[in-house]
Amino acid sequence: MNTAICEKIIREFTLSNDDLVNIAASFRKDMERGLVDISESSMKMLKSYVKLPTGEEKGDFLALDFGGTNLRVVLVRLLGNGEYEILKKVAKPLVKEGEYNFISKEAKGEDLFDFIADMIGEVAEDRGKNYLLGHTFSFPSMQSNIYNASLITWTKEFYTQGVEGEVVNDLLKAALKRRGIKNVEPVSVINDTVAVLLASAYKNKNMQIGSIYATGFNTCYYEDKVDGGMVINLECGGFNRLGINYIDKILDETSAYPFQQRLEKMVSGRYMGELFTIALTEILEKNLENFTAVDISTMIADNSDDLKDVAKIMESKANVTLSTDELAYIKALAEVISLRSAKVVAATYVGILWHLFKDGEIKEQKIAVDGSVFEKMPKVQKTMADTLKILLEDEASKIELVLENGGSALGAAISCVLANN
Ligand code: BGC
Numbered sequence: 504m505n506t507a508i509c510e511k512i513i514r515e516f517t518l519s520n521d522d523l524v525n526i527a528a529s530f531r532k533d534m535e536r537g538l539v540d541i542s543e544s545s546m547k548m549l550k551s552y553v554k555l556p557t558g559e560e561k562g563d564f565l566a567l568d569f570g571g572t573n574l575r576v577v578l579v580r581l582l583g584n585g586e587y588e589i590l591k592k593v594a595k596p597l598v599k600e601g602e603y604n605f606i607s608k609e610a611k612g613e614d615l616f617d618f619i620a621d622m623i624g625e626v627a628e629d630r631g632k633n634y635l636l637g638h639t640f641s642f643p644s645m646q647s648n649i650y651n652a653s654l655i656t657w658t659k660e661f662y663t664q665g666v667e668g669e670v671v672n673d674l675l676k677a678a679l680k681r682r683g684i685k686n687v688e689p690v691s692v693i694n695d696t697v698a699v700l701l702a703s704a705y706k707n708k709n710m711q712i713g714s715i716y717a718t719g720f721n722t723c724y725y726e727d728k729v730d731g732g733m734v735i736n737l738e739c740g741g742f743n744r745l746g747i748n749y750i751d752k753i754l755d756e757t758s759a760y761p762f763q764q765r766l767e768k769m770v771s772g773r774y775m776g777e778l779f780t781i782a783l784t785e786i787l788e789k790n791l792e793n794f795t796a797v798d799i800s801t802m803i804a805d806n807s808d809d810l811k812d813v814a815k816i817m818e819s820k821a822n823v824t825l826s827t828d829e830l831a832y833i834k835a836l837a838e839v840i841s842l843r844s845a846k847v848v849a850a851t852y853v854g855i856l857w858h859l860f861k862d863g864e865i866k867e868q869k870i871a872v873d874g875s876v877f878e879k880m881p882k883v884q885k886t887m888a889d890t891l892k893i894l895l896e897d898e899a900s901k902i903e904l905v906l907e908n909g910g911s912a913l914g915a916a917i918s919c920v921l922a923n924n
């Protein structure tokens with residue numbers, strides 16, 4: 504293995520404190536440019552047509568969670584006082600090897616929505632009862648009201664035909680009709696970041712920011728200067744006012760949508776494994792099968808003297824046996840890719856806080872985050888907290904990053920009530 508190249512790549516992924524300040528400042532600037540004229544921002548900054556809940560919303564609602572690896576249909580009972588119960592749940596993967604694949608180039612939107620309608624039919628099996636359905640749809644969508652959201656473009660390497668440009672709830676309604684399901688009425692569509700914020704704001708006071716840090720990456724926030732106040736889905740995976748290194752460049756050029764989702768390609772779980780694979784291809788000078796974010800996590804967590812877990816992964820996936828010194832380089836590479844991601848994500852949150860509080864004092868608040876990278880990747884949460892300290896100094900103690908697990912379904916249920924307000 505070429506350790507000199509490894510050292511060089513590690514340097515490319517290392518960020519200084521000045522870099523972090525620059526990222527936070529240019530993120531804020533890009534948002535503020537977008538608020539004046541959206542064509543001036545690299546982010547889409549989409550209106551979501553919802554305000555924050557009070558915590559007193561009540562009733563039984565169906566929630567559809569569509570956008571990650573799994574589809575979920577959940578029957579949620581909102582009890583008010585920030586409390587809720589999950590009454591029923593069905594979850595199915597979008598891809599089942601050897602059986603079906605609803606996200607490939609050959610996949611058809613109609614088949615996908617028929618599959619979803621069947622899942623909804625299973626949960627809403629009591630046909631004598633009518634349900635409103637909230638839809639968490641985790642892709643950039645142009646909305647004109649809380650129901651009407653059309654998919655601008657797929658992200659996260661989804662390709663299904665016949666969905667881009669369409670009103671997603673119309674596709675869902677048509678599928679429900681085809682399947683004869685008359686007791687379910689889709690009434691809202693929200694992004695998953697919005698769902699996380701609504702879910703967390705239902706249970707906590709002082710929330711303005713919600714974020715997904717998982718397969719994909721994105722953040723929303725409550726903006727009181729747009730249409731009397733509403734949540735804005737930044738689609739900040741598209742933020743591109745930051746420098747990229749040559750590994751990022753290779754990834755971008757070989758991805759499904761080059762030049763798009765530049766930030767997402769640097770930080771999200773879907774792409775971290777690919778960055779690592781590309782870097783290793785350079786270092787080992789051979790073609791490799793894809794490493795994943797889970798491999799990166801396993802390597803970071805390996806504190807054994809002989810780095811046995813790192814060795815095992817390198818043997819099974821790259822078919823190489825390395826010395827302990829070499830394995831230490833590989834572990835350092837995994838770590839630097841993940842730490843860069845955590846630092847950049849935290850810096851973008853600071854950019855939003857700087858926008859919200861201008862040059863005044865930051866208000867004490869929680870930032871809701873959902874997603875496997877935030878939840879499971881070792882050292883990520885600590886690195887994010889450290890980054891907040893670097894950028895906000897004493898004011899960092901006012902900010903708490905909280906895990907909002909499973910916010911997609913709860914948020915979708917809450918959006919049904921907000922749709923009727
Ligand atoms: C999508 C966003 C979504 C994020 C997290 C991105 O690829 O564009 O709409 O919020 O993934 O799921």
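Heads up: take any position in the sequence shown, counting from 1, add 503, and you land on the numbering used here.
C-beta: ideal position from N, C-alpha, C; glycine also.
Give the range of the alpha helix (DSSP H) segment to which Tyr724 is assigned.
In this chain, Tyr724 is not harboured by any alpha helix (DSSP H); it is covered by the beta strand (DSSP E) spanning 720–726.
Taking the alpha carbon of Leu675 as the reference point, which residue from Phe605, Glu688, Gln664 has its own alpha carbon closest?
Taking only the C-alpha atoms, the option nearest Leu675 is Glu688.
Roughly how many angstroms separate the alpha carbons of Gly583 and Asp751, rounded to a whole number?
CA-CA distance, Gly583 to Asp751, rounds to 46 Å.
Closest by C-alpha distance to Ile781, when choosing among Gly772, Asn793, Ser771:
The residue from Gly772, Asn793, Ser771 with its alpha-carbon nearest to that of Ile781 is Asn793.
For the segment 517–604, which segments carrying the beta strand (DSSP E) assignment without a break, of at least 3 residues, lie completely within its bounds, in sequence order?
Those beta strand (DSSP E) runs which fall completely within the segment 517–604 and span 3+ residues are 561–569, 573–583, 586–596.
Tyr832 and Cys509 closer than 8 Å at C-beta
Yes, they are a contact pair.
Between Ile735 and Lys561, is the Cβ-Cβ spacing less than 8 Å?
No, the Cβ-Cβ distance between Ile735 and Lys561 is not below 8 Å.
With 16 other Cβ atoms within 10 Å as the buried cut-off, status of Val539:
Val539 is exposed by the Cβ-count criterion.
CB-CB under 7 Å to Val697, same chain, minus the five flanking residues each way: which ones, in chain order?
The beta carbon of Val697 sits closer than 7 Å to the beta carbons of Ser551, Val553, Gly713, Cys723, Val734, Asn736, Gly914 from its chain, once the five residues preceding and following it are set aside; these are given in chain order.
Could you tell me whether any non-hydrogen atom of ligand 1 is closer than 7 Å to the CB of Ala507?
Outside the cutoff, so no.
Counting only the same chain and skipping the five closest in sequence on each side, list residues whose C-beta sits under 7 Å from that of Asn520.
Taking C-beta separations shorter than 7 Å and ignoring five residues to either side along the sequence, the partners of Asn520 in its chain run Ile893, following chain order.
Measuring CB atoms only, is the segment 698–711 touching the segment 525–534, in the sense that at least three cross pairs come out at less than 8 Å?
At 8 Å Cβ cutoff, the stretches do not touch.
Bridge partners for Met645 per DSSP, in chain order?
Note: Met645 sits in a beta bridge opposite Ser653.
Does the beta-carbon distance from Lys595 to Met622 come in below 8 Å?
Yes, Cβ-Cβ distance for Lys595 and Met622 is below 8 Å.
Beta-carbon within less than 6 Å of Thr801's beta-carbon, same chain only, minus the 5 sequence neighbours each way: which residues are those?
The residues are Asp812.
In terms of residues, what are the limits of the alpha helix (DSSP H) holding Ser800?
Taken as a continuous stretch (DSSP letters only), the alpha helix (DSSP H) holding Ser800 covers 796–804.
Taking DSSP's pairing of strands, which residues face Gln868 in a bridge?
Its beta-bridge partners are Ile902.
Euclidean distance between Cα positions of Thr827 and Ala620
Between Thr827 and Ala620, the C-alpha separation is close to 53 Å.
Check whether Gly741 and Met546 have beta carbons under 8 Å apart
Cβ distance < 8 Å, so Gly741 and Met546 count as in contact.
Ala678 versus Met775 - alpha carbon distance
Rounded to whole angstroms, Ala678 to Met775 spans 35 Å at the Cα level.
Do you know how far the Cα of Leu654 is from the Cα of Asp563?
Their Cα atoms are separated by approximately 27 Å.
From Cys739, Ser758, Arg765, residue whose alpha carbon lies closest to that of Asn748:
Ranked by Cα distance from Asn748, the first of Cys739, Ser758, Arg765 is Arg765.
Neighbourhood of Phe530 by C-beta, 6 Å cutoff - its chain only, sequence neighbours within 5 removed
Non-local beta-carbon contacts of Phe530 in its own chain, meaning distances under 6 Å to residues more than five positions away in sequence, involve Thr851, Gly854 in chain order.
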